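> Okay, handing you the structure first.
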Amino acid sequence: MPKKVFELAKELNLKPLELVEKLREHGIVVRSHMSELSDDDAVKIVGILAPPTPAASDKTSKGGVVRKKVAKPTVVAPESAKRDGALDGQPVMTEASLQAEGAASSVLDKNISDAGKGVKGAVVRKKVTVRKKGSVEGSTEEAMASVAAETETVEQESQGVEAPQHEPQVTTEKVEDLHKRKGLRVVALPVKQLIVEAAPEEVEATVEEVVETSKPASKDYFEEKVHRFTPVFIPPKVEPKKVPERAAEPRKKDKDGVDIPMTEAEAEIEGKRRSKEIETDADEKSSKKRLGGLASIMSGKRPILSRSQALSHVRAETELKSYSLLSGLGRPIYSAVKRKKVYSGPAGQTEKTEVKESKRVIYIHQVITAQELAQKLSQKFQDFADQMLDINLLVKPTDYIGINLANEMAALYNYRVEDSSFDESEVLVSAEEAKRDKTEDPLRPPVVTIMGHVDHGKTSLLDYIRKAKIAEGEAGGITQHIGAYTVKVKDKSITFLDTPGHAAFANMRQRGANLTDIVILVVAADDGVMPQTKESIRFCQTAKVPIIVAMNKMDKEGANPEKIKTALTEFHLTAEDWGGETQFVPISAVKGTGIDNLLDGILLQSEIMELRASGKGLAKGVVIESKIEQGRGPVATVLIQEGTLRKGDPIVVGETFGRARSLTDYLGNNLLEAGPSTPVQILGLESVPSPGDSVYAVKNEREAKKIVDSRISKRKELEAVPEKKKMSLEDFFGEAKNEDEVKNLNLVVRSDVQGSFEAIKNSLEALSNSEVVVKVVGGGVGAISDSDVLLAASSKAFIIGFNMRPLSTARRLAEEHGIDIKTYSIIYDLINDVTLALEGLLTPEYVEEFVGRAEVRNVFNIPKIGAIAGSYVTDGKIQHGCNVRLLRSGKIVYDGKLTSLKRFKDDAKEVKTGFECGVGLENYNDIKVGDIFEVYHMAAKKRKLEDVAAADASDRAAKATRGGTELSHA
């Protein structure tokens, strides 16, 4: 009958995997320990691996192990034992049982100790078990005789003497030396004897002795620990022990049989006894360990309540069965229990909770990124981006979105967006003031600033106006307390600012404050127009402020006013008597001639401009200058533009606030209030503001503090943004390439000498053409100063220095404003760089270049693709992605893109002359045999200034020719 490998291994006392290896060594192919063996293979491997029965003379070989069993007189031996006995020629005999344990152990100890002396390093282990039932029958002499016979056999075997034949009651087997075989081997085939005694009373004694002798040192092989699954321990059901109740002590009774009551001492003793019993019972109950988890389920004490517990129960049972089948031998095979999906009907839909309309609001702070907006809408960004395509928006996670656009996006999800940032305009500007019609406001005095070149008489003019027009009789003379004052002229007022410096004026203009209404440009009649005069003109024109030219020093010899008028026409300042709109007033600041005419001109200009402002409501103004005075603290000079500032009003100035504790005019008088166009000096601010900061009066200090905190937080946010990249001359094309109008390149040029400046200016302006224009908006002789940087920042210009370097302050200012400064020492390098920048602004010219030609030999119509033309390249080559014309009888039938190019079934980038290919056209399938493909591509050719100049010249010539033809026809 076929046997499985692990069954045969169990009979041979081998591990299943070891037997598998032995079978493979002897040519018997098996897959695993579960494979079946035929009868022939089983007999063959048993004959090879079964050890021969050892002879009695070999029992004392070195390293042997002797096992003996003494049992009952009646012996029933297995087939293997009978076979072994028949081979040895010795019958299986019985042995009398022992009568007393003491006699057996004493004799056995003595003989074993003697036997151990004969073998060097012998180790003797013995075990005696005596079980008695009923009365013991038998004599002590028989037990002593049997034990003596056993010990004699052990002694003889240890000394190498063959045991006599008359001791058949002990059967031994020799095991092979472990150092002769590698791995796990069969140590001994067990001999089982069943001794049965028919007596009603039986005495069972077992003496087991193992003598192990020292073995020679053998090589130890590392054996990996066999992995076994730890079975789940199922504790047996133990019935709780019933503790017998302690019988109560009998109560004492009197002569009549009535119980005698206990004394107090006896009652106390009885109470202690009962409390001790109660504590003992509680300790026993608490000491019992509670089973939990899988153990409690497997033991049946805990019901299965869920599907997961049921699966755990099944998996544990499977592991236990697998472990029990293998009997702990070999490597258990474990296959995970697959969880079957049980269909439990259609899944119930989760009820969606709608958000209330009042809660469908998203609050953002001015701007928000697209990623953050998608999160607030509880949408994945990819789904959000796909939804934005419905309103033609392509967004990225890092894109910043404003309030209005975010509101449109959120509307797609039925949300609305509200700005959580603080809007200071709602506090500073009331709704009534925003709706008020300013054309009905009364006229206000004009604000005039005097500017001009150094030593042209600005200070003299200011001094004369102040001394001549301020009321006489002031004690101690006139003291100018602030940088602004008011002059009365014909019952009208004019406010003059003592801030002629163009730097401060530029800062105010950059902050968006239109501080000055009219500018008086002072030009010395004997000196003419100077560089600083030109610079002042550019500032005024950029700020769009009207200019009145005061030609000073007319009393000096050499004064030439016509020269000044001629020079200023270059800046589009044409005198009224020359047909222009600019007032030219000749004056003398020393003698005072022409001053009244100048003041009348200012009043006339203000009436033309219709300067109006209302004195009602909260005040609004601008800071002219500020400083810290000892004992007074921060002091600011403010020009009121609208409303009325009253003493004690809370005000906000830039990033500081406070109360107007004191108002002082230009004469040093304390005022209770100041109206439009009135310069005043105020005290009570917490810190010094910057010139050009706006001044607003608010209702209370709480609002003022809130506004200031909002401004500071905004500034910190801007500072946290990475610094913007400086715009260089080479990057100018990137900013202006999308503009269709004429592109301008503004430059500020500084040179070492006036001749070089004029030469550079003329050379650069000559590079202008119909597409790009070069404008030198500033510059001159001298180092690059702060004013040059400010001018470049306001007009988006670049600064060029020829043999000149920027000042340290100008360099720092240029870095703050991101202005590019380039310096040269060779004029040709300067002109070449500007030329390259201009050529980069020019629109490139596209030229057609021939690539190849092919003839259609066959046409294939492929479903879902269209017509494919099987073509033969006759000239040049055919390239994928080029433009193609389809010619039929020399006529252009199609002009578009070549979308498909194949060589056999493979895509090809190009096909050269003499080869065949398949050609597909974009959205066109009307191809016929014999058509011609003409392939070309448009190459962008960089244009040069010479090409533009030549084109402009040809256009002018064509226009002139066309005009002459029309005249001749007329």
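Going left to right, the sequence shown walks through residues 33 to 1002 as the working numbering numbers them. Quick reminder that beta carbons are idealized off the backbone N, C-alpha and C, glycines included. All figures in this text were calculated on a predicted structure; none of them were measured in a lab.
Just curious, the beta strand (DSSP E) that residue 659 is in, first and last residue?
The residue you call residue 659 lines up with position 627 of the sequence shown. 652-661 is the span of the beta strand (DSSP E), which, as asked, contains residue 659.
> In three-state DSSP terms, what is residue 801?
Along the sequence shown, one-based indexing puts residue 801 at 769. Residue 801: coil per DSSP, three-state reduction.
> Of all the beta strand (DSSP E) runs that stay within the bounds of the region 876-916, which reach a length of 3 or more residues?
877-894 and 898-911
> In angstroms, rounded to a whole number, what distance separates the CA positions of residue 504 and residue 492?
For the purposes of this step, residue 504 is taken as the residue at position 472 of the sequence shown. For the purposes of this step, residue 492 is taken as the residue at position 460 of the sequence shown. Confidence in residue 504 is poor, its pLDDT being 42 and thus under 50, which makes the residue's placement too unreliable to answer from.
> Measure the CB-CB distance between residue 488 and residue 577 and report whether it falls below 8 Å.
Locating residue 488 in the sequence shown gives position 456, where the first residue counts as 1. Locating residue 577 in the sequence shown gives position 545, where the first residue counts as 1. Against a cut-off of 8 Å, the Cβ pair of residue 577 and residue 488 comes out as no contact.
> I believe residue 409 touches residue 416 by the beta-carbon criterion, under 8 Å. Please report the beta-carbon distance rounded to the nearest angstrom.
Within the sequence shown, residue 409 is the residue found at index 377, counting from 1. Within the sequence shown, residue 416 is the residue found at index 384, counting from 1. 7 Å between Cβ atoms; contact.
> So who's on the other strand from residue 400, going by DSSP bridges?
Mapped onto the sequence shown, residue 400 falls at position 368. DSSP output for residue 400 lists 433 as bridge partner(s).
> Could you tell me which residues DSSP pairs with residue 483 in its beta bridges?
The residue you call residue 483 lines up with position 451 of the sequence shown. Bridge partners of residue 483: 553.
> Measuring alpha carbon to alpha carbon, tell me which of 590, 438, 585 and 616 ends up nearest residue 597.
Start at 1 with the first residue of the sequence shown, and residue 597 comes out as number 565. Nearest C-alpha to residue 597: 616.
> Among residues of its own chain, excluding the 5 on either side of residue 411, which ones have a beta-carbon nearer than 8 Å to its beta-carbon?
As a first step, residue 411 must be located in the sequence shown, where it is residue number 379. Cβ within range, chain order: 419 and 445.
> Judging by CA-CA distance, which residue of 591, 659, 34 and 675 is the nearest neighbour of residue 668?
Working through the sequence shown from its first residue, we reach residue 668 at position 636. When each option's Cα is compared against that of residue 668, the closest is 659.
> Give the straight-line distance between the Cα atoms of residue 651 and residue 482, rounded to the nearest whole angstrom.
Taking the first residue of the sequence shown as position 1, residue 651 is located at position 619. Taking the first residue of the sequence shown as position 1, residue 482 is located at position 450. Cα to Cα, the separation comes out at about 26 Å.
> Just confirm the distance between the C-beta atoms of residue 646 and residue 473, as a whole number of angstroms; I'd bet it's less than 8 Å.
Position 614 of the sequence shown, counted from the first residue, corresponds to residue 646. Position 441 of the sequence shown, counted from the first residue, corresponds to residue 473. The C-beta distance from residue 646 to residue 473 rounds to 4 Å, short enough to meet the 8 Å contact threshold.
> Whole angstroms is fine: what's the gap from residue 568's alpha carbon to residue 600's?
By one-based count along the sequence shown, residue 568 stands at place 536. By one-based count along the sequence shown, residue 600 stands at place 568. For residue 568 and residue 600, the distance between alpha carbons rounds to 12 Å.
> With contact counted as at least three CB pairs below 8 Å, one residue from each stretch, are the region 965-976 and the region 881-892 in contact?
yes
> Rounded to the nearest angstrom, how far is the Cβ of residue 724 from that of residue 780, given a contact under 8 Å?
In the sequence shown, residue 724 corresponds to position 692, counting from 1. In the sequence shown, residue 780 corresponds to position 748, counting from 1. Incorrect: roughly 22 Å between the Cβ atoms, too far for contact.
> What is the rounded straight-line gap between the Cα of residue 929 and the Cα of residue 941?
The residue you call residue 929 lines up with position 897 of the sequence shown. The residue you call residue 941 lines up with position 909 of the sequence shown. Spanning the two alpha carbons is a distance of roughly 14 Å.
> State the start and end residues of the unbroken beta strand (DSSP E) segment that holds residue 713.
Within the sequence shown, the letter at position 681 stands for residue 713. First-last of the beta strand (DSSP E) with residue 713: 710-717.
> Along the chain, where does the beta strand (DSSP E) containing residue 666 start, and where does it finish?
Taking the sequence shown and counting its residues from 1, the one referred to as residue 666 is at position 634. Note, residue 666: beta strand (DSSP E), 665-674.
> Helix or strand or just coil, what does DSSP make of residue 812?
Position 780 of the sequence shown holds residue 812. Strand.
> Determine the extent of the beta strand (DSSP E) in which residue 779 is found, giving its start and end residues.
Reading the sequence shown from its first residue, position 747 is the one you call residue 779. Start and end: 775-783.
> Report the partner residues of residue 68 according to the DSSP bridge assignment.
In the sequence shown, the residue the question calls residue 68 occupies position 36. According to DSSP, residue pairing for residue 68 in a beta bridge involves 36.
> Check whether the region 873-884 and the region 968-975 are in contact - that is, three or more C-beta pairs closer than 8 Å.
yes
> Evaluate residue 988 with the Cβ neighbour count: other Cβ atoms within 10 Å of its Cβ, from every protein chain shown; 16 or more gives buried, anything less gives exposed.
Your numbering for residue 988 matches position 956 in the sequence shown. When all chains shown are included, residue 988 counts as exposed.
> Could you tell me how far apart the beta carbons of residue 528 and residue 521 are, in whole angstroms, since I believe they sit closer than 8 Å?
Taking the first residue of the sequence shown as position 1, residue 528 is located at position 496. Taking the first residue of the sequence shown as position 1, residue 521 is located at position 489. Residue 528 to residue 521, Cβ: 11 Å. No contact.
> Under a three-way DSSP split, which group does residue 617 fall into?
The count along the sequence shown starts at 1 and reaches residue 617 at position 585. Residue 617 falls in the strand class under three-state DSSP.
> For residue 433 and residue 405, which I take to be in contact (beta-carbon distance under 8 Å), what is that distance rounded to the nearest angstrom?
As a first step, residue 433 is located in the sequence shown; it is residue number 401 there, counting from the start. As a first step, residue 405 is located in the sequence shown; it is residue number 373 there, counting from the start. With a Cβ gap of about 6 Å, residue 433 and residue 405 count as contacting.
> Near residue 883, what residues of its chain come up, given a Cβ to Cβ distance below 8 Å and the 5 sequence neighbours on each side ignored?
Taking the first residue of the sequence shown as 1, we reach residue 883 at position 851. So the qualifying residues of the chain are 908, 909, 910, 911, 914, 967, 968 and 969.
> Return the CA-CA distance between residue 741 and residue 711, expressed in angstroms with no decimal places.
Numbered from its first residue, the sequence shown carries residue 741 at position 709. Numbered from its first residue, the sequence shown carries residue 711 at position 679. Looking at the two C-alpha atoms, the distance is approximately 28 Å.
> Taking the DSSP output, what are the residues bridged to residue 729?
For the purposes of this step, residue 729 is taken as the residue at position 697 of the sequence shown. According to DSSP, residue 729 bridges with 683.
> To which residues of the same chain is residue 697 closer than 7 Å at the C-beta, ignoring the five residues directly before and after it?
Your numbering for residue 697 matches position 665 in the sequence shown. The answer, listed in chain order, is 703 and 712.
> Would you call the region 390-407 and the region 448-455 in contact, with 3 or more CB pairs under 8 Å?
yes
> Give a yes or no on whether the C-beta atoms belonging to residue 815 and residue 782 are separated by under 8 Å.
In the sequence shown, residue 815 corresponds to position 783, counting from 1. In the sequence shown, residue 782 corresponds to position 750, counting from 1. Yes; because the gap between Cβ atoms is below 8 Å, this pair is in contact.
> By a C-beta neighbour count over all protein chains shown, 10 Å radius and 16 as the cutoff for buried, is residue 689 buried or exposed?
In the sequence shown, counting from the first residue as 1, residue 689 sits at position 657. Result: buried.
> Going by DSSP, what residue range makes up the beta strand (DSSP E) through residue 932?
Walking along the sequence shown from the start, residue 932 turns up at place 900. First-last of the beta strand (DSSP E) with residue 932: 923-935.
> Any idea what DSSP makes of residue 522, helix, strand or coil?
Start at 1 with the first residue of the sequence shown, and residue 522 comes out as number 490. The three-state reading of DSSP puts residue 522 in coil, since its state is none of H, G, I, E or B.
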